[in-house]
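Reading through the structure tokens given below for one structure.
Protein chains in written order, with this note's numbering: chain A, 1 to 185; chain B, 186 to 322.
Given below as structure tokens:
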């Protein structure tokens with residue numbers, strides 16, 4: 001059982017995601033995480049001024065429970081089920097990131113330059129996290145789904161429009177990764 | 186009882202996101218650099234099983250554990266909203282390195298600056314709701 005404490009290879013992670021998709025379908029629900037962001041808006045009362053958020057959010061309570069589980073799963077995964085949380089990305093990527101000033105590449109789970117508490121004192125870091133989050137939230141709702149809703153659920157259901165969305169994810173992602181990200185780091 | 190099931194599914198999802206490193210900014214960066222098969226393997230193998238599972242559900246009209254038919258709704262047909270929204274999402278994904286599931290997993294793992302990402306993701310969602318009628322779909 002030692003493999004559990006090692007980083008999981010793709011051929012464990014991928015089928016596990018399919019298992020989560022299957023489990024949700026067999027309890028009569030669907031796999032899509034970004035809907036929760038809309039539900040949070042609805043809970044905060046956004047429905048009073050915006051019809052997009054004027055719905056019975058209680059019908060989405062189940063998905064908030066899933067997300068709560070995802071939080072607990074993150075704690076279990078990092079605190080109980082890991083010997084090391086360093087992510088061994090490829091040597092080429094490490095070299096490239098170190099050239100961009102990300103010295104923690106290869107030694108940590110997230111770049112400390114972006115996700116350590118002290119990093120928040122840097123306005124550029126704050127801007128990066130805020131802008132990144134904003135675009136994820138805006139884009140996911142505009143596209144009607146995120147990685148789980150389109151790349152997994154939608155493509156698994158052979159939805160052509162999910163392919164448009166996933167191609168969009170990659171066009172935007174490549175643009176950011178190769179051309180814009182260096183200005184943010 | 187049902188709440189417990191959703192919670193356990195969420196825990197399995199969270200553990201999977203963390204342990205498979207799909208929640209790692211580094212893995213997302215590496216994926217967009219095409220320098221590892223890891224993320225493509227995760228998404229690809231999830232899809233192989235996902236397609237088979239959904240085809241079996243449809244072919245045999247399988248029912249949920251509560252005895253109700255499993256209905257998998259088709260997505261609304263359109264191009265613009267998926268293309269524009271997709272590109273915007275991708276820009277944010279590659280910058281923050283977190284999509285809407287893993288950002289909550291990272292919170293549980295103790296990376297508290299992710300709260301900034303989560304807060305602004307909610308704000309982004311709210312902004313879309315405000316602008317929805319004025320955007321091309």
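Built from N, CA and C at the ideal position, the CB exists for glycine as well.
All of these numbers come straight from a predicted model, not from anything done at the bench.
In the DSSP annotation of this structure, residue 6/A is not part of any alpha helix (DSSP H), being labelled neither H nor E.
For the stretch 54 to 69 of chain A, the set of residues with a beta-carbon nearer than 7 Å to any beta-carbon of chain B comprises 62, 65, 66, 67, 68 and 69, in chain order. When only Cα atoms are considered, residue 69/A and residue 245/B end up about 31 Å apart.
Interface annotation, residue 83/A: not in contact with chain B, CB-CB separation never under 8 Å. Straight-line spacing of the CA atoms in residue 275/B and residue 250/B works out to 36 Å. In the DSSP assignment, residue 130/A falls within the unbroken alpha helix (DSSP H) covering 123 to 142. Per DSSP, residue 201/B is one residue of the alpha helix (DSSP H) stretching across 187 to 204.
Between the stretch 47 to 66 of chain A and the stretch 262 to 269 of chain B, the count of C-beta pairs closer than 8 Å stays below three; the two stretches do not touch. By the rule that beta-carbons nearer than 8 Å mark a contact, residue 317/B touches chain A. Secondary structure of residue 262/B (DSSP, three-state): coil. Between the stretch 106 to 114 of chain A and the stretch 233 to 247 of chain B there are fewer than three C-beta pairs closer than 8 Å, too few to call the two in contact. Interface residue (Cβ-Cβ distance to chain A less than 8 Å): residue 186/B is not classified as such. Interface with chain B (8 Å Cβ-Cβ cutoff): residue 177/A is included.
Counting other Cβ atoms within 10 Å of its Cβ, residue 75/A reaches 16 or more and is therefore classed as buried. According to the DSSP assignment, residue 230/B belongs to the alpha helix (DSSP H) that extends over 223 to 244. Leaving aside the five residues that flank residue 287/B on each side, the residues in its chain whose CB is nearer than 7 Å to its CB run, in chain order, 202, 207 and 208. As for any beta strand (DSSP E) of minimum length 3 sitting wholly inside the stretch 23 to 78 of chain A, there is none. Within chain A, the residues placing a beta-carbon under 8 Å from that of residue 266/B are 142, 143 and 144, ordered along the chain. The shortest C-alpha to C-alpha distance from residue 147/A to any of 19/A, 11/A, 13/A and 31/A is the one to 31/A. DSSP places residue 308/B in the uninterrupted alpha helix (DSSP H) bounded by 299 to 316.
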